[in-house]
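Asker: Top to bottom, those sequences are chains A and B. According to numbering that gives the first Met the number 0, the first sequence is numbered sequentially starting from 0. According to numbering that gives the first Met the number 0, the second sequence is numbered sequentially starting from 0. For glycine and all other residues, C-beta sits at the position ideal for the given N, C-alpha and C. Nothing here was measured: the structure is a model prediction, and the numbers come from that model.
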Amino acid sequence: MADADVIPIGTRGRPGRGSRTTSPSRASRLLAPRPRGPSKRAAAGAGREQTARTRPDASVPEDVDDVVEQAAAELGEEASPGGAAPDPIARALAFLRRRLTGDYEIDEIGFDAELTSSVLMPLLRPLAEKWFRIEVRGLSRVPAEGGALLVANHSGTVPMDALMTSLVLHDRAGRYLRALGADLVFTLPFVSELARKAGATLACAEDAERMLGDGELVGVWPEGFKGVGKPFAERYQLRRFGRGGFVSAAIRTGVPIVPCSIVGAEEIYPLIGDIPALARLLKVPYLPLTPLFPWLGPLGLVPLPSKWVIEFGEPIRTDAWRDGAADDPMLVLNVTDQVRETIQQTLYTLLMHRKHVFF
Amino acid sequence: MGRVVLVTGAATPLGAETARRLVDDAAVARVVAVDVVPPAADLGGARFVRADLRNPVMAELLGVEGVDTVLHLTVAEPPARAGSSRGERNVIGTMQLLAACQRAAGVRSLVLSSSTGVYGASPRDPAVFTEDTVARQLPRTGYAKDCAENEGYLRGFARRRPDVAITVLRCADLLGAGVDGPLARYLRLPVVPTVLGFDPRLQVLHPDDAAAALARATVNDLEGTYNLAGDGAVTLSQLVRRLGRPSLPVPRGVGLLGQAMRRVAGAALPADEAALLTYGRVVDTTALKERFGLAPRWSTPAAVADFGSFIGSGLLDPECVQRVERALGATVGAACAATATGPRPTGGG
Numbered sequence: 000m001a002d003a004d005v006i007p008i009g010t011r012g013r014p015g016r017g018s019r020t021t022s023p024s025r026a027s028r029l030l031a032p033r034p035r036g037p038s039k040r041a042a043a044g045a046g047r048e049q050t051a052r053t054r055p056d057a058s059v060p061e062d063v064d065d066v067v068e069q070a071a072a073e074l075g076e077e078a079s080p081g082g083a084a085p086d087p088i089a090r091a092l093a094f095l096r097r098r099l100t101g102d103y104e105i106d107e108i109g110f111d112a113e114l115t116s117s118v119l120m121p122l123l124r125p126l127a128e129k130w131f132r133i134e135v136r137g138l139s140r141v142p143a144e145g146g147a148l149l150v151a152n153h154s155g156t157v158p159m160d161a162l163m164t165s166l167v168l169h170d171r172a173g174r175y176l177r178a179l180g181a182d183l184v185f186t187l188p189f190v191s192e193l194a195r196k197a198g199a200t201l202a203c204a205e206d207a208e209r210m211l212g213d214g215e216l217v218g219v220w221p222e223g224f225k226g227v228g229k230p231f232a233e234r235y236q237l238r239r240f241g242r243g244g245f246v247s248a249a250i251r252t253g254v255p256i257v258p259c260s261i262v263g264a265e266e267i268y269p270l271i272g273d274i275p276a277l278a279r280l281l282k283v284p285y286l287p288l289t290p291l292f293p294w295l296g297p298l299g300l301v302p303l304p305s306k307w308v309i310e311f312g313e314p315i316r317t318d319a320w321r322d323g324a325a326d327d328p329m330l331v332l333n334v335t336d337q338v339r340e341t342i343q344q345t346l347y348t349l350l351m352h353r354k355h356v357f358f
Numbered sequence: 000m001g002r003v004v005l006v007t008g009a010a011t012p013l014g015a016e017t018a019r020r021l022v023d024d025a026a027v028a029r030v031v032a033v034d035v036v037p038p039a040a041d042l043g044g045a046r047f048v049r050a051d052l053r054n055p056v057m058a059e060l061l062g063v064e065g066v067d068t069v070l071h072l073t074v075a076e077p078p079a080r081a082g083s084s085r086g087e088r089n090v091i092g093t094m095q096l097l098a099a100c101q102r103a104a105g106v107r108s109l110v111l112s113s114s115t116g117v118y119g120a121s122p123r124d125p126a127v128f129t130e131d132t133v134a135r136q137l138p139r140t141g142y143a144k145d146c147a148e149n150e151g152y153l154r155g156f157a158r159r160r161p162d163v164a165i166t167v168l169r170c171a172d173l174l175g176a177g178v179d180g181p182l183a184r185y186l187r188l189p190v191v192p193t194v195l196g197f198d199p200r201l202q203v204l205h206p207d208d209a210a211a212a213l214a215r216a217t218v219n220d221l222e223g224t225y226n227l228a229g230d231g232a233v234t235l236s237q238l239v240r241r242l243g244r245p246s247l248p249v250p251r252g253v254g255l256l257g258q259a260m261r262r263v264a265g266a267a268l269p270a271d272e273a274a275l276l277t278y279g280r281v282v283d284t285t286a287l288k289e290r291f292g293l294a295p296r297w298s299t300p301a302a303v304a305d306f307g308s309f310i311g312s313g314l315l316d317p318e319c320v321q322r323v324e325r326a327l328g329a330t331v332g333a334a335c336a337a338t339a340t341g342p343r344p345t346g347g348g
């Protein structure tokens, strides 16, 4: 399905335009100078020496034995091989006890790695694998360690794309995506609580630079609510990319910018209408009307099972620029445009090759 | 020739502890402790003067004693006196003290204990406050407002007396063994009401670290403003559970939280704490460690544990939880052993 006119632009070796290649490019090899195994899972597991904080997969599956041993030790004699409680039960009970006694760690942003890995991600996994059948391309372009800023398009009425990108990076790249969210996210009850525990924080220069400086993989969706709540007729047409604050943050901390293009999220809740008066009353940016919501009641909340493709583009290095580049508005705006163009062109290319919305 | 230090708010446990530390400090010749009520704790070798800061006698005291260093504590709960509000006692007292200091040529340095409450708490703030973060939502009530106003008057004083070295320490809420403040009383409730749908990040400061930092600021001229809090952070739900207490989430916006707290145990939770208990607040202590040269010895979780062992476990005792876990594990284990090839249960992992 070709949704839009494709305007070919020469790349001249600059960040990719939906190349569909699976092998890492030169730019990404330079950023991640370590051999990668044939499977991404194996590659994630290989980095055992890395810290658990940046490598959830490296710690979670491999330390399961330790966890079980620990849980078994805590259970005392009952856990002896004879009448042992099965491991999953012991683990679940130990997990519940830690939750009930507050025996877990959070970082100063509020990120709760244990809750994210053992509760939030497993809840999202079936949706990603069975419902949206997410296909990931260019994962090797995401730096395996160190700070990086992931910039993605935003769509789908409900910011499901941010959740799915987090899951994909958690499961397949072994990294936690630390999302930057609009202030509305932190005003809403429950949403704010979960967002903070999943590692998100307010999209502001201070927090972005703090996390990038700490070597985190930070995700930003510069279109914001204008992107999420755009009408279905304007799908895959990127909105303005903010004021380039995310580029300044990346330049200040010298981390690469990884463009990320997401196809499929636009179709999960096709936004065909809006009730601005009610939205104002409820203090939300828009109140969506989709073909199913609110006509079918709660059933209308079920997203349409579109087929998703997430493609990570060539990283843009920012560490080579001179000091003070972050305060050069011309440079910042140019890089912002470059990132936006990259994502837009990748979207067009991916759409051209897409056979069907749902398959 | 050592310093002559004037300590205000000396009747509070923190003031008394700091005064004792200063008496023992080799760089200090004499300590003059001032408060409106007699101190409950021992002040060591400090000389206690019972006076109100709003009294003109303060100006004379500074001259007579030859005070060169002033340590001014903004007190969260100054003793009640007839005909004056807390804000009046704190803020007018500070104004009078600063006016006296401005006249006293001998005063060389001034330390103000303030609160991280001056940053406020709102969903539009960055996750971590540095000293130069501008509050999006200024505190409008309570102790935090007093602190913000005191800092404002101190900035005015600094312009008029540029020769005086000024240090401002913004302290997080105190928590540890023996602490009795608004936060401590709130956490001692048998069932702790929280705001439904929000789980704020909190940082606390152990009184030992607070006293150490105040004493250090008094004897070394470390000009500037510094955040002071234990490393790390805990969420409110985590904090309450670590204290072995159940929490009761209450919907926001109907004033229920405050009402519940006031009614349940007479624990008056100041209005400015309601924002804190909704949105939370964490501060950056890099400046404290690097420029001030003090790393808090108690992290936030350690201070919480210290407070927990002081007040004892509540209804949700961790050992009790562990016993239940063991019993459940044993029961399920036995059941599964009986049905040798029992169905594989779904785990939480």
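Per DSSP, which one or two residues make a beta bridge with glycine 272 of chain A?
Answerer: Glycine 272 of chain A is bridged to A:Leu288.
Asker: What does the Cβ neighbour count give for isoleucine 271 of chain A, buried or exposed, with the cut at 16 atoms within 10 Å?
Answerer: It is exposed - the Cβ of isoleucine 271 of chain A has fewer than 16 other Cβ atoms within 10 Å.
Asker: Which of helix, strand or coil does DSSP assign to arginine 321 of chain A?
Answerer: Coil.
Asker: From B:Asp198, B:Arg325 and B:Val33, pick the residue whose C-alpha is nearest to that of alanine 93 of chain A; which is it?
Answerer: Considering only alpha carbons, the answer is B:Arg325.
Asker: So what's valine 163 of chain B in DSSP terms, helix, strand or just coil?
Answerer: If DSSP states are grouped into helix, strand and coil, valine 163 of chain B belongs with coil.
Asker: Would DSSP call glutamate 59 of chain B helix, strand or coil?
Answerer: Helix, per DSSP.
Asker: Can you give me the C-alpha to C-alpha distance between valine 308 of chain A and glutamine 343 of chain A, rounded to a whole angstrom?
Answerer: Roughly 14 Å between the two C-alpha positions.
Asker: Per DSSP, which residues does leucine 72 of chain B bridge with? Please list them.
Answerer: Leucine 72 of chain B is bridged to B:Ser112.
Asker: Using the beta-carbon of each residue, which ones in chain A are nearer than 7 Å to phenylalanine 197 of chain B?
Answerer: Within 7 Å Cβ-Cβ: Pro188, Ser191 and Glu192.
Asker: Quick one: residues in its chain with C-beta nearer than 6 Å to the C-beta of glycine 43 of chain B, no 5 flanking neighbours on either side, listed in chain order?
Answerer: Closer than 6 Å at Cβ, skipping near neighbours: Arg19 and Val22.
Asker: Please go through the same chain and pick out, in chain order, the residues whose beta-carbon is closer than 6 Å to the beta-carbon of alanine 164 of chain B, but skip the five residues on each side of it.
Answerer: Ser108, Asp220 and Glu222, listed in sequence order.
Asker: On the DSSP letters alone, give me the boundaries of the beta strand (DSSP E) that arginine 49 of chain B sits inside.
Answerer: Counting along the chain, the beta strand (DSSP E) containing arginine 49 of chain B begins and ends at 46 to 49.
Asker: Going along the chain, which residues of its own chain have a beta-carbon closer than 7 Å to the beta-carbon of proline 269 of chain A, five neighbours each way excluded?
Answerer: Closer than 7 Å at the Cβ level, and outside the excluded window around proline 269 of chain A, lie Phe231, Thr289 and Pro290.
Asker: Apart from the five residues on each side of it in sequence, which residues of its chain come closer than 7 Å, Cβ to Cβ, to arginine 200 of chain B?
Answerer: Excluding residues within five positions, the ones whose Cβ falls inside 7 Å are Ala232, Thr234, Gly279 and Val281.
Asker: Can you name the start and end residues of the beta strand (DSSP E) that arginine 156 of chain A belongs to?
Answerer: Just to set this straight, residue 156 of chain A is threonine in the shown sequence, not arginine. From DSSP, threonine 156 of chain A is part of no beta strand (DSSP E); its letter is neither H nor E.
Asker: Comparing alpha-carbon positions, which option in B:Ser308, B:Leu182 and B:Phe291 lies nearest leucine 242 of chain B?
Answerer: Leucine 242 of chain B has its Cα closest to that of B:Ser308, out of B:Ser308, B:Leu182 and B:Phe291.
Asker: Counting only C-beta atoms, is arginine 251 of chain A closer than 8 Å to chain B at any point?
Answerer: Closer than 8 Å: no.
Asker: Quick check on this structure: which residue in A:Thr200, A:Ser117 and A:Glu208 has the alpha carbon closest to the alpha carbon of aspartate 182 of chain A?
Answerer: The shortest Cα separation from aspartate 182 of chain A among A:Thr200, A:Ser117 and A:Glu208 belongs to A:Thr200.
Asker: Please state whether DSSP places asparagine 226 of chain B in a helix, a strand or coil.
Answerer: Note: asparagine 226 of chain B maps to strand in three-state DSSP.
Asker: Between the segment 107 to 140 of chain A and chain B, which residues of the former have a C-beta closer than 7 Å to a C-beta of the latter?
Answerer: Those residues of the segment 107 to 140 of chain A that come within reach of chain B (Cβ to Cβ, closer than 7 Å) are Glu107, Ile108, Gly109 and Ser117.
Asker: What residues in its chain sit with their C-beta under 6 Å from that of phenylalanine 240 of chain A, if we drop five residues either side in the sequence?
Answerer: Contacts found: Pro221, Thr335 and Arg339.
Asker: When you compare each of B:Lys144, B:Leu213 and B:Thr166 to arginine 154 of chain B by their alpha carbons, which one comes out closest?
Answerer: For the residues B:Lys144, B:Leu213 and B:Thr166, the minimum Cα distance to arginine 154 of chain B belongs to B:Thr166.
Asker: Looking only at its own chain, which residues have a Cβ that is under 6 Å from the Cβ of proline 245 of chain B, when we skip the five neighbours before and after it?
Answerer: These residues qualify, in order along the chain: Val190, Leu314 and Leu315.
Asker: Is the shortest distance between the beta-carbon of arginine 177 of chain A and the beta-carbons of chain B less than 8 Å?
Answerer: Chain B contact via Cβ: absent.
Asker: Unbroken beta strand (DSSP E) runs of length 3 or more, entirely within the segment 198 to 265 of chain A: which are they?
Answerer: Counting whole runs of 3 or more residues, the segment 198 to 265 of chain A contains the beta strand (DSSP E) stretches 216 to 219 and 256 to 262.
Asker: So with Cβ pairs under 8 Å, would you call alanine 15 of chain B a contact of chain A?
Answerer: No - not a single Cβ of chain A is within 8 Å of the one on alanine 15 of chain B.
Asker: Leaving out five residues on either side along the sequence, give the residues of the same chain with a beta carbon under 7 Å from the beta carbon of glutamate 16 of chain B.
Answerer: Counting only Cβ-Cβ distances below 7 Å, and skipping sequence neighbours, we find Pro206 and Ala210.
Asker: Please name the residues in the segment 99 to 126 of chain B whose beta-carbon is closer than 8 Å to at least one beta-carbon of chain A, in chain order.
Answerer: Under the 8 Å Cβ criterion, the segment 99 to 126 of chain B contributes Pro122, Arg123, Asp124, Pro125 and Ala126.
Asker: Pull the bridge partners of glutamate 310 of chain A from the DSSP assignment, please.
Answerer: A:Arg136 and A:Ser260, per the DSSP bridge assignment.
Asker: Smallest Cα separation from glutamate 272 of chain B: which of B:Arg2, B:Leu5 and B:Ala120?
Answerer: The shortest Cα separation from glutamate 272 of chain B among B:Arg2, B:Leu5 and B:Ala120 belongs to B:Ala120.
Asker: What is the rounded straight-line gap between the Cα of serine 84 of chain B and the Cα of leucine 97 of chain B?
Answerer: Distance between the alpha carbons of serine 84 of chain B and leucine 97 of chain B is about 20 Å.
Asker: Go to alanine 178 of chain A, then tell me how far its beta strand (DSSP E) extends in each direction, as first and last residue.
Answerer: Run containing alanine 178 of chain A: 176 to 180, per the beta strand (DSSP E) assignment.
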